[in-house]
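Residue numbers (full-length UniProt numbering): 1 to 110.
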């Protein structure tokens, strides 16, 4: 069975592009697992251990932050679990020491 959102940890994002670290509020019942662990277990059973050998949601998020496309504004390289433990961060966020809020994503220069 799958754990509920309050029974697992992970990064949540809202329509304002704000990333928030959701921490586990309670233990999952019985043998319930978070979604990421279920998906990784199925992938490993299918022979994809090299690509899905994750041990935590933090590892998965670290991989996601390595992908960026500054041309479109998609950039999470400056977002880390450590930073999210202190404050939510709005993307794009290219630098760890950059601002936590980035309200303007697109600018019409014509």
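Each residue gets a CB set at the ideal place from its N, CA and C atoms; glycine is no exception.
Model, not experiment: these values are computed from the prediction.
Of the residues the options, the one placed nearest residue i, counting alpha carbons only
| i | options | result |
| --- | --- | --- |
| residue 30 | 7, 50, 74, 93 | 7 |
Separation of residue j from residue i, as counted between CA atoms
| i | j | result |
| --- | --- | --- |
| residue 28 | residue 4 | 7 Å |
| residue 77 | residue 62 | 9 Å |
Three-way DSSP call (helix, strand, coil) for residue i in this model
| i | result |
| --- | --- |
| residue 79 | coil |
| residue 25 | coil |
| residue 84 | helix |
| residue 3 | coil |
| residue 53 | coil |
Terminal residues of the alpha helix (DSSP H) in which residue i lies
| i | result |
| --- | --- |
| residue 42 | 35 to 45 |
| residue 134 | The question about residue 134 has no answer here: the residues shown for the chain are numbered 1 through 110. |
Minimum Cβ-Cβ distance from residue i to chain B less than 8 Å
| i | result |
| --- | --- |
| residue 96 | Annotation note: the requested chain B is absent from the structure, which comprises a single protein chain. |
Quick test of the definition: if touching needs 3 or more C-beta pairs under 8 Å, does the segment 79 to 95 touch the segment 7 to 19?
Using a Cβ-Cβ distance cut-off of 8 Å, the segment 79 to 95 and the segment 7 to 19 are in contact, since at least three pairs of beta carbons, one from each stretch, lie closer than that value.
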